[in-house]
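Notes for the one structure printed next.
Residue numbers (the numbering used here), protein chains in the order written: chain D, 23 to 233; chain Y, 19 to 259; chain B, 1412 to 1629.
So this is what it looks like as structure tokens:
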């Protein structure tokens, strides 16, 4: 479903990670771990197609990725259900999935409430409900459980399991426990780019081209 | 060996370093000679001594347009071939072009006052240069506003492309607008039109001088910019290891 | 694309959306100018076409910095970039929403403001027509400027510096249509050129704006 081969990414004008390779098959989840600032977010954005890798190759079917990051893409002036219905229409999903997604993340009672009035945890759950709505096979999630309480984390783990059981796959970056013991873990620390190594691919930053 | 090899920063530095002193010297010599020759021409029978400001005005105006065209070409090279030197050369040319535009506008005003009796007229040609100056300002401001140099190079290149189209469009729109206002009364003087050899040859020399001056300034600014980037990259490496 | 357009319109009309701000700004311009130049004589009616068009330009600028910045802040832009909709379509929908919330109200209200400024009656239909044909180009070029500056914090001033020179051809032909209309001539030529610019801008600028957005998403 996803093949990452010898990928390098640059962040803030310098090479952050290099030589990252892994494979993700349907029904499996992979958790990326590593200290702050190592480039987890950049790697996920690259896999989601928001930027190009500095070197290496990423293979995935086009239109297979559902990406969720720190910002939930919610409009405070619109109700919870309206927010979800909008993303369902943009991604060409059936409107009926909205109710199912709300139920899955325990948001059914809040459907008509403006998103601005939700608590941080409720917003997060709404952002995750969007993943269910989109119906895309590969979930790419950046710190999905920030501001969730234990009960919600368990709820989230259940949703991910349901997704995996349905033939989906999930790639998650986090440094807290997600309650997904069956997921494989990849520590990114060994892939940290070293300054002294000669580089393949394009220069990490504009300035590096002149060094 | 292809011409593109000179886009390599090291090769560019070596070549430009060798060429720069000669270009600068040639620019200085032609500028002094051209202006001395130009300012010693006999006064025009109608315009008197004021006609001599032409030797600054016309070359500056010519380079104001050529600088933008050079930026356009350099931007295209950056977009298509991703040569970093090209992006920096476009950036280096912008302030030079902007200053040329200001020189053209100011000398035009000084020339216009005794000749047409006004410092400023909303003539299509003058207006186009004012608009061109605005485009230069926007380009320079965009370069300096964006922190990430890769993004800045990309975005200014896109802006340069779109701006070029609109600069030309504004030129023709201004022509239309002015005719609508003045019923064809044009104040512009055509350079070279019915111009005697006494003025023509010193003018050509001044044009050559401004062209060489532009090349020298852009080369020097590009070299400074490359060194600055190189220093920044080395300091960043140092900080990491 | 339709969904995005509808959502933007929905957001604009709800609390804090800023719908009608442009119109209010336009009213203020039309109120202030007579104080500045004096209401007597035919001064106002002579400069009315220019004031109307410059006012439209500035009113259009007001809400430009929100076009992409809000969506970038809350992460919507990232999601739109991974959506099956091409970014060019996103730009088009955004510009259309901006036009419907700022340009269209101006077109509809223009005759009233024209009367305020003593614009001669025969020029009123030309004013409406020229604004209707010209303001879409203003929104589209504005969206391009907003895409260029979406990564710049407090980019409002920079946005104006970049966008206003691009408005010059539209302004020239738009105001010329009204001026010729006021003089009782048939402004066919400027009208044709105005429409030409708008069509070309709407056809070509989405690609430039989408390219700028892709750079800013990196």
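Glycine included, each C-beta is placed from N, C-alpha and C at the ideal position. Since this is a predicted model, take the numbers as computed values, not measurements.
- Along the stretch 63-74 of chain D, going in chain order, the ones with a CB nearer than 7 Å to a CB of chain B are 70, 71, 72, 73.
- Cβ contact annotation for residue 1437 of chain B (same chain, cutoff 8 Å, sequence separation greater than five): 1466, 1467, 1470, 1517, 1520, 1524, in chain order.
- Assignment of residue 25 of chain D by DSSP, reduced to helix, strand and coil, places it in the strand class.
- Rounded to whole angstroms, the Cβ separation of residue 61 of chain Y and residue 67 of chain Y is 5 Å, and the two are in contact under 8 Å.
- In the DSSP assignment, residue 1578 of chain B falls outside any alpha helix (DSSP H) and carries neither an H nor an E.
- Unbroken alpha helix (DSSP H) runs of no fewer than 4 residues, entirely contained in the stretch 122-206 of chain Y, are found at 142-163, 167-200, following chain order.
- For residue 36 of chain D, there is no enclosing alpha helix (DSSP H); the residue is found in the beta strand (DSSP E) stretching over 36-46.
- Neighbours of residue 231 of chain D across chain Y, judged by C-beta separation under 7 Å: 27, 102.
- Contact between residue 134 of chain D and residue 103 of chain D holds, with the beta-carbon distance rounding to 6 Å and staying under 8 Å.
- Rounded to the nearest whole angstrom, the CA to CA distance from residue 194 of chain Y to residue 1582 of chain B is 12 Å.
- Looking at the DSSP output, residue 1465 of chain B bridges to nothing.
- Contact check for residue 232 of chain Y against residue 51 of chain Y fails: the beta carbons are separated by 9 Å or more.
- Bounds of any beta strand (DSSP E) do not take in residue 216 of chain D, whose DSSP letter is neither H nor E.
- In chain Y, no part has a C-beta under 8 Å from the C-beta of residue 1445 of chain B; the shortest such distance is about 23 Å.
- Bounds of any beta strand (DSSP E) do not take in residue 1597 of chain B, whose DSSP letter is neither H nor E.
- For residue 1588 of chain B, the secondary structure class from DSSP, reduced to helix, strand or coil, is helix.
- Counting every other CB atom within 10 Å of its CB across the protein chains shown gives residue 60 of chain D a total of 16 or more, marking it as buried.
- In this structure, the alpha-carbon of residue 147 of chain Y lies about 18 Å from that of residue 179 of chain Y.
- Chain-order list of chain B residues neighbouring residue 234 of chain Y: empty, with the shortest C-beta distance near 29 Å, by a criterion of under 8 Å.
- Note on residue 96 of chain Y: 16 or more other CB atoms within 10 angstroms of its CB, so buried under the neighbour-count rule.
- Identification of chain Y residues near residue 1585 of chain B by a Cβ-Cβ cut-off of 8 Å yields none; the smallest Cβ-Cβ distance measures about 10 Å.
- Each residue's CA atom was taken as its position, placing residue 1629 of chain B and residue 73 of chain D some 5 Å apart.
- Residue 47 of chain Y sits in a helix when the DSSP states are folded into three classes.
- Taking a cut-off of 8 Å for Cβ pairs, the stretch 102-112 of chain Y and the stretch 129-137 of chain Y do not touch, as fewer than three such pairs fall below it.
- Every alpha helix (DSSP H) stretch that sits fully inside the stretch 1551-1577 of chain B and reaches 4 residues is listed by chain position as 1567-1574.
- CA-to-CA, the gap between residue 167 of chain Y and residue 92 of chain D works out to about 25 Å.
- In the DSSP assignment, residue 81 of chain D is bridged to D:25.
- Around the C-beta of residue 158 of chain D, 16 or more other C-beta atoms lie within 10 Å, and the residue is accordingly described as buried.
- By the neighbour-count criterion, in which 16 or more other beta carbons inside 10 Å mark a residue as buried, residue 1509 of chain B falls on the buried side.
- Any Cβ of chain D closer than 9 Å to the Cβ of residue 1492 of chain B would place that residue at the interface, and such an atom is present.
- In the three-state scheme derived from DSSP, where H, G and I count as helix and E and B as strand, residue 1606 of chain B is classed as helix.
- By the criterion of a C-beta distance shorter than 6 Å, residue 69 of chain Y is surrounded in its chain by 62, once the five residues flanking it on both sides are discounted.
- Shortest Cα-Cα distance from residue 189 of chain Y to any of Y:151, Y:228, Y:173, Y:125 involves Y:151.
- DSSP lists D:194, D:207 as the bridge partner or partners of residue 53 of chain D.
- Residues 118, 228, 232 of the same chain have their beta carbon placed closer than 6 Å to that of residue 81 of chain Y, with the five preceding and five following residues left out of the count.
- Residue 150 of chain D is a Cβ neighbour of residue 127 of chain D, given a cutoff of 9 Å.
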